[in-house]
Amino acid sequence: MEHAPSIALDLGTYMGYAIRTAGGSVVSGVEVFASRPGEDTDVRFWAFRKWLIKAITQYEPKRIYYEHASFQPGNASEVWFGWLTIIKEVRIHYGLGRQGFNAATIKLHASGHGHAGKDRMKAAVRDLFPQLGPIDNDNQADALAVLYTGECWKAGKLNRAPKPTRKRKPGKRRPNPQSELF
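When we follow the working numbering, the leftmost residue of the sequence shown carries the number -9, and every step to the right adds one.
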């Protein structure tokens, strides 16, 4: 499988990243975007934008991959969507593609199990990227799994996790809002 330069992100305050360089090697690690005591919490967005632009100008990727998380309303979702907005804005400016993957698809594709835990994911990533040596940080491991998933998606070899289905209780019907209009 031929690899194009790309950036893969596991978005979070402790953001894992994996970068496929033009030469085919992989650079990975964790970047921390926590605000300091007394500092405006929005500074983390500025710091992330600055980091992303630096990574793009240094490595010249063609695409950005990320884990598309799902949240309940609250601070974590506000922060995550802030980072996603920055990705969208910056990638348009630089003419890059982007693709998000849900956690189950990433876990299924990297480890063979859609509900793999942290230890299983770290072991899978060590097998996928043996040249990187030990991977002890789960954020870094997740970013490498996102990179692997993105590269397989680009090559047309992605196995997507099935969408969960919820069973309805018998006799319960969803109300039809249209019925009240007439």
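C-beta: ideal position from N, C-alpha, C; glycine also.
Would residue i and residue j be called neighbours here (beta carbons separated by less than 8 Å)?
i    : j    : result
R135 : A100 : Looking at the sequence itself, residue 135 is Ala, so the reference to Arg does not match. Closer than 8 Å, so yes.
R81  : I54  : yes
N129 : M5   : yes
G13  : K52  : no
G140 : A45  : no
S15  : Y7   : no
W41  : A59  : no
K112 : I125 : yes
A94  : V115 : no
Just checking my contact of residue i with residue j at CB under 8 Å: how many whole Å lie between their CB atoms?
i     : j    : result
E189  : L1   : Lying before the first or after the last residue shown, residue 189 is absent from the chain, which here runs from -9 to 172.
S(-4) : L137 : 7 Å
G39   : F23  : Before going further, note that residue 39 is Arg rather than Gly in the sequence given. That pair is no contact at about 10 Å.
Y49   : T11  : 6 Å
G90   : L98  : Wrong, their Cβ atoms sit about 15 Å apart, outside the cutoff.
Go ahead and pull the three-state DSSP assignment for residue i.
i    : result
A133 : helix
I43  : helix
E29  : coil
A100 : helix
K76  : Per the sequence shown, the amino acid found at residue 76 is Ile instead of Lys. Three-state result, I76: helix.
F91  : strand
S67  : helix
G140 : helix
Closest to residue i by C-alpha separation, out of the options, would be which residue?
i    : options              : result
D109 : I96, L98, P120, N127 : N127
E21  : D32, K144, P120, A37 : A37
W73  : G107, D32, T47       : D32
Following the continuous beta strand (DSSP E) through residue i, name the residue where it begins and the one where it ends.
i     : result
A(-2) : -4 to 0
S15   : Unbroken run through S15: none, as it is neither H nor E.
Could you check whether the Cβ of residue i sits closer than 8 Å to any Cβ belonging to chain C?
i    : result
N129 : You won't find chain C in this structure, because it holds only one protein chain.
Grab the span of the alpha helix (DSSP H) containing residue i for me, first residue to last.
i    : result
A8   : No alpha helix (DSSP H) contains A8, which is instead part of the beta strand (DSSP E) from 4 to 10.
K52  : From DSSP, K52 is part of no alpha helix (DSSP H); its letter is neither H nor E.
D117 : 108 to 118
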